[in-house]
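Contents: one structure, followed by commentary.
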Amino acid sequence: MPVLALETSCDETAAAVYDEARGLLSHTLHSQIALHAQYGGVVPELASRDHVRRVNALVREALESAGLSCADLSGVAYTAGPGLIGALMVGASVAAGIALAQGLPLVPVHHMEGHLLAPMLEDPRPEFPFVALLVSGGHTLLVSVEGIGRYTLLGESLDDAVGEAFDKTAKLMGLPYPGGPHLARLAQGGEPGRYRFTRCDRCTRSTRSQHGCSR
């Protein structure tokens, strides 16, 4: 039962073909890092337009690599959010068009759930329940995964996600985009314990303003 999957939530266009019995048959990817580098971050309109330019070719490449055609598919999946609305619409439109033309089921996939369940593609796959640290570009979450569709949010960043904080810090330091890899390399040569970061044990998202904490 091969399924074609599309991902266009932010600054990468991707297509993959997955079969329940045979596993991952193919995957293709185009990164927009070079496109957004001069702006120091992702520009939503440019991202959407680049998805339009790339997605059809990547779908054809994924199908050819898997040795299949659209007629061989049993379904089409796509990232339905969260993400950049214009970018998401590109993937949704292409997936819906293929599904309609072939009379196939159309499956919207939650972006974060896709990240949580990605380890299930590995061999050996993790057994439920497990705890997942999800560090995406725009999300930093700690989640208890009891089973497919059964998740408990244990914690999340209060402001920016880790990925966004890395990029903004790197920009302030004059480092190239994306900043994460450059900061990571600098950190390897740093002095552990040089800076002590304060923490308020009374802080939560709902009570921080009540006791006047600005940390």
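Under the numbering used here, think of the first position of the sequence shown as 1072, with each following residue one higher.
By construction, the Cβ of each residue, glycine as well, lies at the ideal position given by its N, Cα and C atoms.
heavy atom of the ligand MG below 8 Å from residue i C-beta
| i | result |
| --- | --- |
| L1254 | This structure simply doesn't include the ligand MG, nor any ligand for that matter. |
Whole-angstrom distance between residue j and residue i, CA atom to CA atom
| i | j | result |
| --- | --- | --- |
| G1094 | R1267 | 47 Å |
| H1182 | G1138 | 27 Å |
| R1220 | P1195 | Correcting the residue identity first, residue 1220 is Gly in this sequence and not Arg. Distance between the alpha carbons of G1220 and P1195 is about 21 Å. |
| L1257 | G1234 | 16 Å |
| R1131 | R1265 | 52 Å |
| R1286 | H1098 | Reliability fails at R1286, whose pLDDT of 49 lies under 50, so the model's placement of it is uncertain and the value that follows must be treated cautiously. Taking the straight line from one Cα to the other gives about 43 Å. |
| N1127 | A1086 | 9 Å |
| L1171 | S1136 | 23 Å |
| P1179 | G1260 | 43 Å |
| C1081 | R1270 | 32 Å |
| A1105 | V1113 | 10 Å |
| G1162 | L1077 | 6 Å |
Residue from the options with nearest C-alpha to residue i
| i | options | result |
| --- | --- | --- |
| A1255 | R1265, T1269, R1270 and D1238 | D1238 |
| M1191 | A1148, E1091 and G1260 | E1091 |
| E1217 | T1211, E1193, M1244 and L1187 | L1187 |
| A1158 | E1116, A1128 and A1189 | E1116 |
| V1206 | H1253, G1245 and E1227 | E1227 |
| E1294 | P1153, A1163 and V1161 | Residue 1294 lies beyond the residue range present for the chain, which begins at 1072 and ends at 1286; the question has no answer from this structure. |
Residue i, buried or exposed, once every other Cβ within 10 Å from all chains shown has been counted against 16
| i | result |
| --- | --- |
| E1262 | exposed |
| Q1103 | buried |
| H1203 | Position check: residue 1203 holds Ala in this sequence, whereas His was assumed. Burial call: buried. |
| S1140 | exposed |
| T1150 | buried |
| R1125 | buried |
Beta-carbon proximity list for residue i, same chain, < 6 Å, skipping 5 on both sides
| i | result |
| --- | --- |
| G1111 | K1242 and Y1248 |
For residue i: DSSP bridge partner residues
| i | result |
| --- | --- |
| Y1222 | V1216 |
| A1076 | A1087 and A1148 |
| G1094 | D1090 |
| A1179 | According to the sequence shown, residue 1179 is Pro rather than Ala. Y1149, per the DSSP bridge assignment. |
| E1132 | BP columns for E1132 are empty, so no partner. |
Cβ neighbours of residue i in the same chain (closer than 8 Å, five flanking residues each side left out)
| i | result |
| --- | --- |
| L1175 | L1144, S1145, G1146, V1147 and I1169 |
Sequence-distant residues of its chain with Cβ nearer than 7 Å to residue i (five each side left out)
| i | result |
| --- | --- |
| R1279 | In this predicted model, R1279 has a pLDDT of only 49, less than 50, meaning its place in the structure is not dependable enough to derive any value. |
| M1072 | D1090, E1091 and S1145 |
Any chain C beta carbon closer than 9 Å to residue i
| i | result |
| --- | --- |
| I1169 | Among the chains in the structure shown there is no chain C, since it carries only a single protein chain. |
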